[in-house]
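What follows is a short report on a single structure.
There are 2 protein chains.
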Amino acid sequence: MDEVKVIEIKKSVLEDNEKDADALRQELKRKGVFLLNLMSAPGSGKTTTLIQTLNRLKGRLNVAVMEADIDSDVDAVKIQSATGVPSIQLHTGGMCHLDAEMTRQGLDNVALGGVDLVILENVGNLVCPAEFDTGAVKNAMILSVPEGHDKPLKYPLMFQVCDLVLINKTDVMPYFDFDLDKCREYIRMRNPKAQVIPICAKTGEGVDAFADWLVENTKNWKYA
Amino acid sequence: MDEVKVIEIKKSVLEDNEKDADALRQELKRKGVFLLNLMSAPGSGKTTTLIQTLNRLKGRLNVAVMEADIDSDVDAVKIQSATGVPSIQLHTGGMCHLDAEMTRQGLDNVALGGVDLVILENVGNLVCPAEFDTGAVKNAMILSVPEGHDKPLKYPLMFQVCDLVLINKTDVMPYFDFDLDKCREYIRMRNPKAQVIPICAKTGEGVDAFADWLVENTKNWKYA
Numbered sequence: 001m002d003e004v005k006v007i008e009i010k011k012s013v014l015e016d017n018e019k020d021a022d023a024l025r026q027e028l029k030r031k032g033v034f035l036l037n038l039m040s041a042p043g044s045g046k047t048t049t050l051i052q053t054l055n056r057l058k059g060r061l062n063v064a065v066m067e068a069d070i071d072s073d074v075d076a077v078k079i080q081s082a083t084g085v086p087s088i089q090l091h092t093g094g095m096c097h098l099d100a101e102m103t104r105q106g107l108d109n110v111a112l113g114g115v116d117l118v119i120l121e122n123v124g125n126l127v128c129p130a131e132f133d134t135g136a137v138k139n140a141m142i143l144s145v146p147e148g149h150d151k152p153l154k155y156p157l158m159f160q161v162c163d164l165v166l167i168n169k170t171d172v173m174p175y176f177d178f179d180l181d182k183c184r185e186y187i188r189m190r191n192p193k194a195q196v197i198p199i200c201a202k203t204g205e206g207v208d209a210f211a212d213w214l215v216e217n218t219k220n221w222k223y224a
Numbered sequence: 225m226d227e228v229k230v231i232e233i234k235k236s237v238l239e240d241n242e243k244d245a246d247a248l249r250q251e252l253k254r255k256g257v258f259l260l261n262l263m264s265a266p267g268s269g270k271t272t273t274l275i276q277t278l279n280r281l282k283g284r285l286n287v288a289v290m291e292a293d294i295d296s297d298v299d300a301v302k303i304q305s306a307t308g309v310p311s312i313q314l315h316t317g318g319m320c321h322l323d324a325e326m327t328r329q330g331l332d333n334v335a336l337g338g339v340d341l342v343i344l345e346n347v348g349n350l351v352c353p354a355e356f357d358t359g360a361v362k363n364a365m366i367l368s369v370p371e372g373h374d375k376p377l378k379y380p381l382m383f384q385v386c387d388l389v390l391i392n393k394t395d396v397m398p399y400f401d402f403d404l405d406k407c408r409e410y411i412r413m414r415n416p417k418a419q420v421i422p423i424c425a426k427t428g429e430g431v432d433a434f435a436d437w438l439v440e441n442t443k444n445w446k447y448a
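Each protein sequence line maps, in turn, to chains D and V.
Just so we're aligned, residue 1 is where the first sequence starts under our numbering, counting upward by one.
Just so we're aligned, residue 225 is where the second sequence starts under our numbering, counting upward by one.
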């Protein structure tokens, strides 16, 4: 159970990432697989959030996980052993983001038969991953309370490209100068359509709403 | 006091960053200016740490600050108004790091006469800034407790290139599963020479040690 597949991702040779991303999305549509690209800064709690979420999706969706990291396979191992959800680790070899071709290299190593939802945990970075369409159906990001409510001002593109912003670690709100209303306002400035869900991955608070969002969006994608 | 110079940094045209970085370091040596490149993930507390540190360096060193960000000038304004230390804002125009030529563009806008130390706050990112020598004399990084003690495993290069690791937000240690001994061990794995100083920028704890480190290293650089 603790053994996970580790894929060394090669740098893309294709030049036209947008075209490649659209082609990947169309292929996923044909296969009835929803791909979520989950982004965040390092240490915002992506893996803990995934563990909580995957345990809530049991019996509702069949899920597979791709964990991208510069190095190490701690996340994929952690997720697979905590949830039983098949997980693979993608090593980017120092690269700071994934593009569509790199995402496809990962998907080629996932058994997609019967899978409804694939969650791609992108490299921890608020800058570069926002610049590359991975071919995902939707983008989500996690902003954690200790990072501060001003992040939409400093990393505009990340907030522009995300359909959903999870605000994590709400349990430590009393210990940080984090203004949730101001944060919502800054996110709206960058992207009026972005949905915002406050969560606490440690206690599980709010994670049901994220699980529901995933179920709804996956069903819309599969059957609409 | 609240007006700061904002410099729009242009992408480097030079190909050989290492050569350029060495040339910049030699120039700084001739001028007797120590340049520190301060890196971290978004929201680790770089700006708050700088404010605390700059207030402790008064009467010991003449300092100037360059704040790099994708967008916004909140950090430079905050630092200048809280400390009186001359600060300029560098806009990278979406770029995720600074190289030596970009750093030089910033330094060209700093009045270096009488300045002992320039602190460059790099773009918040644990990946790309580690790949580019800025021409700084030393590299330091901040890892904050909420990010987790496993970061040296996931972002090896950042820890390899840093002479100093500040572990910030130690006041919230009781609310996070952060193992300081394990963190020190992981940092040593990546870089046995890196010095580690735990600090709390909010309360000021440990910041004296960082200020002393800056004074000592600046003096070594100027007079050795």
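Glycine included, every Cβ here is placed at the ideal spot set by N, Cα and C.
DSSP three-state assignment for residue i, whether helix, strand or coil
i: MET225/V; result: Its pLDDT being 43, under 50, MET225/V is placed unreliably by the model, and nothing is read from it.
i: ASN231/D; result: Chain D is shown only over 1 to 224; residue 231/D falls outside these bounds and no answer can be derived.
i: LEU164/D; result: strand
i: SER268/V; result: coil
i: LEU336/V; result: coil
i: LEU98/D; result: coil
i: ALA211/D; result: helix
i: ALA306/V; result: helix
i: ASP69/D; result: strand
i: ILE274/D; result: Not covered by the structure: residue 274/D. The range shown for chain D is 1 to 224.
i: VAL257/V; result: coil
i: GLU239/V; result: coil
Opening and closing residue of the alpha helix (DSSP H) in which residue i lies
i: PRO198/D; result: Taken as a continuous stretch (DSSP letters only), PRO198/D belongs to no alpha helix (DSSP H), being part of the beta strand (DSSP E) at 195-198.
i: ILE187/D; result: 180-190
i: LEU152/D; result: First, the residue type needs correcting, since residue 152/D is Pro and not Leu in the sequence shown. Here the alpha helix (DSSP H) through PRO152/D covers 151-154.
Contact under 8 Å by Cβ, residue i with residue j
i: LEU274/V; j: ILE231/V; result: no
i: ILE142/D; j: LYS46/D; result: yes
i: ASP207/V; j: ARG280/V; result: Nothing in the structure corresponds to residue 207/V, since chain V is present only between 225 and 448.
i: ASP150/D; j: ALA194/D; result: no
i: GLN52/D; j: ALA201/D; result: yes
i: GLY359/V; j: ASN286/V; result: no
i: ASP332/V; j: ASN241/V; result: no
i: ILE294/V; j: GLY318/V; result: yes
i: MET39/D; j: ALA130/D; result: yes
i: TYR229/D; j: VAL228/V; result: Because chain D spans 1 through 224 in this model, residue 229/D falls outside it and cannot be assessed.
i: ILE411/V; j: TRP437/V; result: no
i: VAL334/V; j: ILE312/V; result: yes
i: LEU117/D; j: LEU36/D; result: yes
i: VAL137/D; j: PHE210/D; result: no
i: TYR154/D; j: SER296/V; result: The sequence as given places Lys at residue 154/D; Tyr does not occur at that position. Yes, Cβ-Cβ distance for LYS154/D and SER296/V is below 8 Å.
i: LEU112/D; j: ILE9/D; result: no
i: ASN191/D; j: PHE159/D; result: yes
i: CYS352/V; j: CYS128/D; result: yes
Beta strand (DSSP E) segment containing residue i, residue limits
i: ILE88/D; result: 87-91
beta-carbon residue i near the ligand PLP non-hydrogen atom, thresh 7 Å
i: CYS407/V; result: Judged by which ligands are present, the structure shown has none, so any question about the ligand PLP falls away.
List in chain order: all unbroken beta strand (DSSP E) runs of 3+ residues lying wholly within the segment 346-372 of chain V.
With a minimum length of 3 residues, the unbroken runs of beta strand (DSSP E) contained wholly in the segment 346-372 of chain V fall at 362-368.
Counting beta carbon pairs with one atom in the segment 310-330 of chain V and one in the segment 284-295 of chain V, are three or more of them shorter than 8 Å?
With the cut-off at 8 Å, the segment 284-295 of chain V and the segment 310-330 of chain V touch.
Under 8 Å: do the segment 141-156 of chain D and the segment 167-184 of chain D share three or more Cβ pairs, one atom per stretch?
The answer is yes - the segment 167-184 of chain D touches the segment 141-156 of chain D, with three or more Cβ pairs under 8 Å.
Assess contact between the segment 115-133 of chain D and the segment 92-101 of chain D, defined as three or more Cβ pairs (one per stretch) separated by less than 8 Å. Is contact present?
Yes, they touch.
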